[in-house]
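Please read the structure below before turning to the comments.
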Amino acid sequence: MNQIANGWEEYEVIDTGNREKLERWNKVVLRRPDPVAIWPIRSEGEWNRADAVYHRSNKGGGYWETKKPVKENWTIGYRDLRFKISPTGFKHTGLFPEQAANWDFTMEAIRERKAKSDNPVRILNLFAYTGGATMAASRAGADEVVHVDASKGIVAWAKENMHINHLEDRTIRFIVDDVLKFVKREIRRGRKYDGIIMDPPSYGRGPNQELWKLEDQLYELVSECAKLLSDDPLFFLVNCYTTGFPLSAMKETLTRVLVDTRGGSVEVGENLLPVTKGGVLPCGIFGRWTPKQ
Numbered sequence: 056m057n058q059i060a061n062g063w064e065e066y067e068v069i070d071t072g073n074r075e076k077l078e079r080w081n082k083v084v085l086r087r088p089d090p091v092a093i094w095p096i097r098s099e100g101e102w103n104r105a106d107a108v109y110h111r112s113n114k115g116g117g118y119w120e121t122k123k124p125v126k127e128n129w130t131i132g133y134r135d136l137r138f139k140i141s142p143t144g145f146k147h148t149g150l151f152p153e154q155a156a157n158w159d160f161t162m163e164a165i166r167e168r169k170a171k172s173d174n175p176v177r178i179l180n181l182f183a184y185t186g187g188a189t190m191a192a193s194r195a196g197a198d199e200v201v202h203v204d205a206s207k208g209i210v211a212w213a214k215e216n217m218h219i220n221h222l223e224d225r226t227i228r229f230i231v232d233d234v235l236k237f238v239k240r241e242i243r244r245g246r247k248y249d250g251i252i253m254d255p256p257s258y259g260r261g262p263n264q265e266l267w268k269l270e271d272q273l274y275e276l277v278s279e280c281a282k283l284l285s286d287d288p289l290f291f292l293v294n295c296y297t298t299g300f301p302l303s304a305m306k307e308t309l310t311r312v313l314v315d316t317r318g319g320s321v322e323v324g325e326n327l328l329p330v331t332k333g334g335v336l337p338c339g340i341f342g343r344w345t346p347k348q
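Start counting the sequence shown at 56; every next residue gets the next number (my numbering).
Structural data, given as structure tokens:
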């Protein structure tokens, strides 16, 4: 089951093609590489609207070429959430708009639980980046959200998003740590969570240079995290941007770890963004376990 993030007003993918995408972030139009867009562009004239263009470097990374004045950062809104946007030297902007479909799912699940029960809802967000899912869960009424990422700078950005959303009075714990080490400590502490979200990278290193490779460690991570689920959980959600990682492998992992031990069901699919000039842009995959209703 694919899911499309079609609830945006302040963001749009204008056009895609020639391994690039043209996007509007509020009032700023950016042109960035996207290796998935293997087809030709639809509307050549639209691409002249770009306020800034990202160019890759042969040595890794790249740089932004500004065509018109662009602020260092600005904000963008989605429903009742707002986020800081700032183009970085690695082409990213601090937000993955396709994740809005997962935010909607998360918020609905939390709000439904809060409407039925007075029991506290605790959410764990791993590889949590700048906190899109963290803010969504907190806004929906989660009593505690634990936000874990290995990058100190990224966690600082997430804290800015908390302030932008005026969520300072909510319980959000920001933790800079290697995710797997943190999870194993939480297991030893006997901590439990009602919802777990993770967005593991294809490849990376933790704060102390711990090596991470998705296909080698995803099953272990999911297995360990499953030990942190409460007796009455809401969901277990995994995002994946690793090129070539099969949907069937995602489904089998979640089925073996969760369905075989707890029942429930697994959905997998592609994350998609609608393109104004026609079609959709694939943006990774997701796997989602929910308990039997």
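The beta carbon of each residue, even a glycine, is placed where N, CA and C say it ideally should be.
Since the structure is predicted, the reported quantities are computational estimates derived from the model, not experimental observations.
Figure out for me which residue from the options has the closest Cα to the Cα of residue i.
i: Glu-265; options: Ser-206, Pro-142, Leu-302 and Ser-320; result: Ser-206
i: Val-277; options: Ile-96, Ser-112, Leu-336 and Asn-294; result: Asn-294
i: Thr-331; options: Gly-299, Asp-70 and Pro-337; result: Asp-70
i: Ser-193; options: Ile-59, Gly-208, Asp-204 and Lys-214; result: Lys-214
i: Gly-115; options: Trp-102, Leu-328 and Lys-146; result: Lys-146
i: Lys-123; options: Gly-339, Leu-85, Ile-93 and Asp-135; result: Leu-85
i: Arg-97; options: Val-68, Asn-81 and Val-176; result: Val-68
i: Asn-216; options: Trp-63, Asp-315, Leu-150 and Glu-307; result: Leu-150
i: Val-201; options: Leu-222, Ile-219 and Thr-226; result: Thr-226
i: Val-312; options: Pro-175, Leu-327, Cys-338 and Cys-280; result: Cys-280
i: Glu-65; options: Arg-168, Gly-132 and Trp-102; result: Gly-132
i: His-221; options: Phe-138, Leu-309, Phe-229 and Arg-177; result: Phe-138
Residues in its own chain within less than 6 angstroms of residue i by CB, not counting five upstream and five downstream?
i: Ile-252; result: Asn-180, Ala-188 and Leu-292
i: Trp-119; result: Ala-107, Tyr-109 and Pro-142
i: Ala-195; result: Met-162, Ile-165 and Arg-166
i: Arg-343; result: Leu-292 and Glu-322
i: Glu-153; result: Ala-60, Asn-326, Leu-328 and Cys-338
i: Arg-177; result: Glu-199, Tyr-248 and Asp-249
Within a Cβ cutoff of 7 angstroms, which residues of the same chain sit near residue i, ignoring the five residues on either side of it in sequence?
i: Val-83; result: Asp-106, Val-125 and Trp-129
i: Arg-111; result: Pro-88 and Gly-117
i: Ala-211; result: none
i: Phe-182; result: Asp-204, Val-234, Met-253, Asp-254, Pro-255 and Pro-256
i: Pro-90; result: Arg-74
i: Ala-191; result: Leu-136, Trp-158, Thr-161 and Met-162
i: Thr-345; result: Phe-290, Gly-319 and Ser-320
So, at 8 angstroms on beta carbons, what are the nonlocal neighbours of residue i in its own chain, with the 5 sequence-adjacent residues on each side left out?
i: Pro-95; result: Gly-72 and Asn-73
i: Ala-92; result: Thr-71, Gly-72, Asn-73, Arg-74, Glu-75, Lys-76 and Leu-336
i: Gly-324; result: Met-56, Asn-57, Gln-58, Leu-302, Ile-340 and Phe-341
i: Arg-246; result: Leu-283
i: Leu-269; result: Pro-255, Pro-256, Ser-257, Tyr-258, Cys-295, Thr-297 and Phe-300
For residue i, does the three-state DSSP call read helix, strand or coil?
i: Trp-267; result: strand
i: Pro-346; result: coil
i: Trp-6; result: Summary: the structure shown does not reach residue 6, with the chain confined to residues 56 through 348, and so no result is reported for it.
i: Met-56; result: coil
i: Trp-94; result: coil
i: Asn-180; result: strand
i: Leu-100; result: A small correction: the amino acid at residue 100 is Gly; Leu does not occupy that position in the sequence shown. Here Gly-100 sits in helix by DSSP.
i: Arg-74; result: coil
i: Ala-195; result: coil
i: Ser-320; result: strand
i: Leu-222; result: coil
i: Asp-315; result: helix
i: Gly-132; result: strand
i: Val-125; result: coil
i: Gly-333; result: coil
i: Gly-339; result: strand
i: Leu-276; result: helix
Residue range of the alpha helix (DSSP H) that residue i falls in?
i: Asn-294; result: First-last for Asn-294: 290-295, but that is the beta strand (DSSP E), not the alpha helix (DSSP H).
i: Glu-307; result: 302-309
i: Phe-151; result: Run containing Phe-151: none; DSSP gives neither H nor E here.
i: Val-238; result: 234-244
Within the continuous beta strand (DSSP E) that includes residue i, where are the two ends?
i: Lys-171; result: Taken as a continuous stretch (DSSP letters only), Lys-171 belongs to no beta strand (DSSP E), being part of the alpha helix (DSSP H) at 155-171.
i: Trp-119; result: 117-121
i: Trp-212; result: Premise fails: Trp-212 lies in the alpha helix (DSSP H), 207-219, not in any beta strand (DSSP E).
i: Lys-139; result: 136-140
i: Arg-228; result: 227-231
i: Arg-111; result: 107-111
i: Ala-260; result: The sequence shown places Arg at residue 260, rather than the Ala named in the question. Per DSSP, Arg-260 belongs to the beta strand (DSSP E) from 258-260.
i: Gly-250; result: 250-253
For chain C, check one thing: does any of its Cβ atoms lie closer than 7 angstroms to the Cβ of residue i?
i: Asp-271; result: Absence of chain C from the displayed structure is noted, only one protein chain being present.
Does the distance between the C-beta of residue i and the nearest non-hydrogen atom of the ligand NAD fall short of 6 angstroms?
i: Ala-60; result: Only the bare structure without any ligand can be found here, which leaves the ligand NAD out of the picture.
Can you pull the DSSP bridge partners for residue i?
i: Glu-67; result: Arg-79
i: Asp-204; result: Val-231
i: Pro-88; result: Glu-75
i: Asn-326; result: Gln-58
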